[in-house]
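Each residue of the sequence shown is one higher than the one before, starting from 25 at the first, in our numbering.
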Amino acid sequence: MKELMTVRSLTTRPVVTLGGDAVAHVKDTVCDAAASRITGFTLTGRGLLSGPMKEGLPWSAVHALGHDAVMILDRRGLVSAAVMMVEQQTTLRSRVLGARVLTDSGTEVGTVLDVVVEGGTGGRVVGFRVTASRGFAPGPSRHRRRVYVPRGETLTVSGRALVLPADAVRHVADDLPGFTALVGGVPGHWRGSPP
């Protein structure tokens, strides 16, 4: 399993060429409508007061998504951000964050706080960090439980709701290392079934 990271952690991550030139910073992550993989990034300039760039970075131009930077071959991989967004793609921030999560059997899981993606050359969306509903993962009302849930094989996006397979959320993790172990098939690092 490749390193997993959250979409929020990608914001402001530098975009660097293999030659070592920093060309931009990530502003937002763009995914396909089914929230199954990253399709690109919108960008901001490198300076403190730099605004959004008119160029975007399609996933096809990404050499690797790493812990410290998004690596590209060279600046020629950047394309018009408007063209990139026309292809019916949506930023994760505008569509998925804050969305309700339900199972296909009707259980309310919670609300999306963040999206977990695979680094390296994969770019797959593998799960979500959610504020769990009381019925899904009980806890004190003042401190609602935050858990990581797998995406599952099928995912339906319906308006502002994500519908996951019930089997996918049978096991959840309390932290990102536990979630990495869960989706990587390492036993003993995750919390059991929700009530």
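Note that the Cβ used here is the ideal one computed from N, Cα and C, for glycine as well. None of these values were measured; they are calculated from a predicted model.
For a cut-off of 8 Å, the C-beta gap from residue 204 to residue 97 is around 28 Å, too long to register as a contact. In this structure, the CA atom of residue 75 is about 28 Å from the CA atom of residue 146. Exposure of residue 184 is indicated by the presence of fewer than 16 other C-beta atoms within 10 angstroms of its C-beta. Residue 152 holds the alpha-carbon nearest to the alpha-carbon of residue 179 among 138, 91, 152.
The residue among 175, 196, 195, 194 with its C-alpha nearest the C-alpha of residue 186 is 175. The beta carbon of residue 91 sits closer than 8 Å to those of 27, 29, 143, all from its chain and outside the five residues before and after it, given in chain order. Distance between residue 52 and residue 85, taken at the CA atoms: about 16 Å. Between residue 136 and residue 123, the CB-CB gap stays under 8 Å. Counting only the Cα atoms, residue 102 lies some 31 Å from residue 182. It is roughly 4 Å from the alpha-carbon of residue 61 to the alpha-carbon of residue 148. In this model, residue 126 and residue 64 are separated by some 26 Å (Cα to Cα).
No residue range can be given for residue 130, since it is assigned to no alpha helix (DSSP H) and is classified by DSSP as neither H nor E. In its chain, beyond the 5 residues on either side, 176 have a beta carbon closer than 8 Å to the beta carbon of residue 191.
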